[in-house]
Amino acid sequence: MIEKQVNQKAWFMVLPVFLLVAFSAIIPLMTVVNYAFQDTFGSNQFYWVGLDWFKEIIHSERFHDAFFRQVAFSAIILTIEIPLGVAIALAMPKKGWGVPVCLISMALPLLIPWNVVGTIWQIFARVDIGLLGHTLTQLGINYNYTQDPVAAWITIIVMDVWHWTSLVVLLSYAGLSSIPDVYYQAAKIDGASKISIFRYIQLPKMQRVLLIAVLLRFMDSFMIYTEPFVITGGGPGNSTTFMSIDLVKMAIGQFDLGPAAAMSLLYFLVILLLSWVFYTVMSNIGEESSNGGV
Amino acid sequence: MRWKWTIPAIYIIFILVPIYWLVNMSLKTNAEILSVFSLWPQDLTFANYMVIFTDPSWYSGYINSMIYVSINVVISVCFALPAAYAFSRYTFVGDKHLFFWLLTNRMAPPAVFALPFFQLYSSIGLFDTHIAVALAHCLFNLPLAVWILEGFMSGIPKEIDETAFVDGYSWPRFFVKIFIPNIASGIGVTAFFCFMFSWVELLLARTLTAVNAKPISAIMTRTVSASGLDWGVLSAAGVLTIVPGALVIWFVRNHIAKGFALGRV
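These protein sequence lines are chains A and B, in that order. Residue numbering for the first sequence follows our numbering, beginning at 17 and increasing consecutively. Residue numbering for the second sequence follows our numbering, beginning at 23 and increasing consecutively.
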């Protein structure tokens with residue numbers, strides 16, 4: 017750790033970033049707050065309604081449904097992608113021509129625009145023209161993601177695994193490749209099993225990057241909008257209407273700005289709260305491992 | 023563990039098959055897509071690509087995307103460099119709170135900001151310009167850039183700064199001549215991440231543009247809904263959006279492994 021010096025003039029170095037982010041964050045957020053506490057009958061006439069919109073949203077079934085779908089989705093995504101990513105990273109080659117091949121092909125899905133990811137999976141999964149949909153139908157499996165909610169969910173989850181597992185893989189791989197060979201040699205002399213090597217050498221080294229992975233995956237899966245919007249448009253019915261999709265429907269589709277703004281603030285608060293928990297845990301573990309000298 | 027390589031191999035195949043299917047579709051005519059089911063094009067055609075390369079309303083989308091992504095990367099890196107230095111070297115009033123507040127903006131759902139952004143940029147006359155999209159993307163890219171650069175800078179020993187100051191370097195000269203070359207790979211990684219998140223984002227980019235700065239990904243969605251379903255052209259446009267990303271990966275391939283750990287291994 018670097019000993020940091022107290023220097024209030026450092027604020028001047030941070031100021032440009034502060035101003036720019038404040039411009040992009042605080043002004044729009046104030047607009048949202050404005051709408052959340054007021055009602056309007058058009059023509060810029062606003063009436064103070066206090067917490068009415070929040071009460072309406074908190075008690076609305078629609079919000080509950082979207083919220084639980086969102087939590088379920090993020091939970092499923094994290095339970096699949098984190099272990100799978102670690103497993104793939106452990107099995108990856110450590111040197112030779114395999115390394116660039118793995119890294120480049122695995123990084124590919126991360127740089128595809130999100131709506132193109134949706135398009136790719138739409139084309140891939142459609143029953144009439146898609147390889148996946150066509151093959152499953154030929155095999156006699158009744159698969160149609162535009163009509164069957166279960167199929168729609170599976171399609172979106174598989175798509176997200178396809179899209180984002182690589183991030184976990186690359187992060188874990190970065191963690192693993194920082195372990196010096198000496199550690200493995202020592203473990204070999206001690207006759208350590210594969211499991212104890214993983215538990216006592218590899219996992220502690222991956223801990224910090226894994227928490228970055230969990231944080232990023234949680235935030236992004238909780239905010240997911242474009243990909244399910246392109247594939248299912250939130251349907252069939254409302255079965256894949258996640259929070260962002262519901263919010264955009266409410267704000268731009270129906271122009272219910274009051275409830276939409278109240279929902280925005282609640283949504284943002286939930287993400288903030290959960291991310292703060294992850295962040296605190298992350299920095300505590302980070303400090304422990306740098307003090308503990310693993 | 024002789025069969026260990028099969029796990030990454032299967033995963034790579036899983037990644038590449040849907041992309042292959044997209045390429046396959048882009049090389050077929052619409053008639054063939056809808057009538058025959060085949061694993062490769064029976065009647066190879068580049069007509070779908072020609073549509074995109076000859077129609078300005080298509081290819082200008084790529085140019086627009088490139089312009090705002092570049093502006094965003096430049097702004098993010100230039101503004102984040104001094105800030106990250108301050109966070110990695112000094113303590114000052116409110117530093118921890120400021121850092122966390124910056125990160126919270128990375129957590130803000132774009133759906134929350136879409137409408138207010140539209141109103142904000144319309145009111146200052148920046149609607150439908152590249153700079154508006156670039157600034158909007160700073161909301162999440164600037165905090166990320168500060169976060170990544172701070173990680174890399176903290177890995178540089180403080181003695182380097184002190185020695186330079188003893189040798190009579192002024193701060194700006196030290197920063198440009200000595201410090202920046204030391205974290206060059208970190209800057210590359212930061213630029214890569216800013217490129218990535220700006221290039222893939224659609225919701226804000228679409229909300230803030232109408233004609234002049236419309237990104238390629240938004241043009242794609244419009245065409246799908248307007249002209250029925252022109253699967254061939256849609257696929258060709260999709261393939262072309264993958265190309266810039268693939269090129270960028272090729273350039274940073276040697277830094278990907280370390281870079282993805284954001285300097286925090």
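Glycine included, every Cβ here is placed at the ideal spot set by N, Cα and C.
Using DSSP with H/G/I as helix, E/B as strand and the rest coil, what is Gln163 (chain A)? In the three-state DSSP reduction, Gln163 (chain A) falls in the coil class, being neither helix nor strand.
With 7 Å as the threshold, decide whether the Cβ of Val222 (chain B) is near any Cβ in chain A. Val222 (chain B) counts as touching chain A.
Tyr112 (chain B) in three-state terms, based on DSSP: When secondary structure is reduced to three states using DSSP, Tyr112 (chain B) falls in the strand class.
Please state whether the Cβ-Cβ distance between Val33 (chain A) and Leu164 (chain B) is less than 7 Å. Cβ atoms of Val33 (chain A) and Leu164 (chain B): closer than 7 Å.
In the structure shown, what three-state DSSP assignment does Trp43 (chain B) receive? Residue state, collapsed to three classes: helix.
Between the C-alpha atoms of Pro131 (chain B) and Phe70 (chain A), what's the straight-line distance to the nearest angstrom? A straight-line Cα-Cα distance of about 18 Å links Pro131 (chain B) and Phe70 (chain A).
Check whether the stretch 149-156 of chain B touches the stretch 184-193 of chain B, counting contact only when three or more Cβ pairs, one atom from each stretch, lie closer than 8 Å. Short answer: they don't touch.
If we cut at 7 Å on Cβ distances, does Pro40 (chain B) have a partner in chain A? Output row for Pro40 (chain B): interface = yes.
Which value, in whole angstroms, describes the spacing of the CA atoms of Val225 (chain A) and Val264 (chain A)? Near 33 Å, if we compare the C-alpha coordinates of Val264 (chain A) and Val225 (chain A).
Check each candidate in B:Asn46, B:Tyr33, B:Leu226, B:Phe122 and name the one with the smallest Cα separation from Ala154 (chain B). For Ala154 (chain B), the nearest C-alpha among the options comes from B:Leu226.
Segment limits, alpha helix (DSSP H) that includes Phe201 (chain B): First-last for Phe201 (chain B): undefined, no H or E at that position.
Own chain residues within Cβ distance below 7 Å of Glu97 (chain A), not counting five before or after: Excluding sequence neighbours, Glu97 (chain A) sits near Val177, Trp180, Thr181, Val184, Arg233.
Any beta carbon from chain B within less than 7 Å of Val264 (chain A)'s own beta carbon? Val264 (chain A) belongs to the set of residues whose beta carbon lies under 7 Å from a beta carbon in chain B.
Given a cut-off of 7 Å, decide if Ser257 (chain B) and Met72 (chain B) are closer than it, judged by their beta-carbon atoms. Against a cut-off of 7 Å, the Cβ pair of Ser257 (chain B) and Met72 (chain B) comes out as no contact.
So is Leu164 (chain B) in contact with chain A if we call contact Cβ pairs under 7 Å? Nearest CB-CB separation between Leu164 (chain B) and chain A: below the 7 Å threshold.
What span of residues does the alpha helix (DSSP H) with His150 (chain A) cover, start to end? That run of the alpha helix (DSSP H) goes 147-154.
Identify every run of the beta strand (DSSP E) within the stretch 93-137 of chain B, keeping only runs that are complete inside it and at least 3 residues long; order them along the chain. Whole beta strand (DSSP E) segments, 3+ residues: zero.
Residue range of the unbroken alpha helix (DSSP H) whose run includes Ser40 (chain A): That run of the alpha helix (DSSP H) goes 26-52.
For Val91 (chain B), which residues of its own chain have a beta-carbon under 7 Å away from its beta-carbon, when the five flanking residues on both sides are left out? The answer, listed in chain order, is Phe217, Ser220, Trp221.
When DSSP builds the beta bridges, which residues end up paired with Val293 (chain A)? None, per the DSSP bridge assignment.
Using a Cβ cut-off of 7 Å, pull out every chain B residue sitting near Ile213 (chain A), in sequence order please. By Cβ distance, chain B contributes nothing, its closest Cβ being about 12 Å from Ile213 (chain A), past 7 Å.
So, is the C-beta of Ile200 (chain B) closer than 7 Å to a C-beta in chain A? No - not a single Cβ of chain A is within 7 Å of the one on Ile200 (chain B).
What residues of chain B sit near His150 (chain A), judged by a beta carbon separation below 8 Å? Against chain B, the beta carbon of His150 (chain A) has neighbours under 8 Å at Phe59, listed in chain order.
For Asn300 (chain A) and Asn307 (chain A), the rounded distance between their alpha carbons: Caution is warranted here: a pLDDT of 49 is assigned to Asn307 (chain A), below 50, making its placement in the model unreliable, and the coordinate value is therefore given only provisionally. Each residue's alpha carbon lies about 11 Å from the other.
Can you tell me which of the three DSSP states Val22 (chain A) falls into? Here Val22 (chain A) carries a strand assignment [DSSP, helix/strand/coil].
Can you tell me which of the three DSSP states Tyr81 (chain B) falls into? Here Tyr81 (chain B) sits in helix by DSSP.
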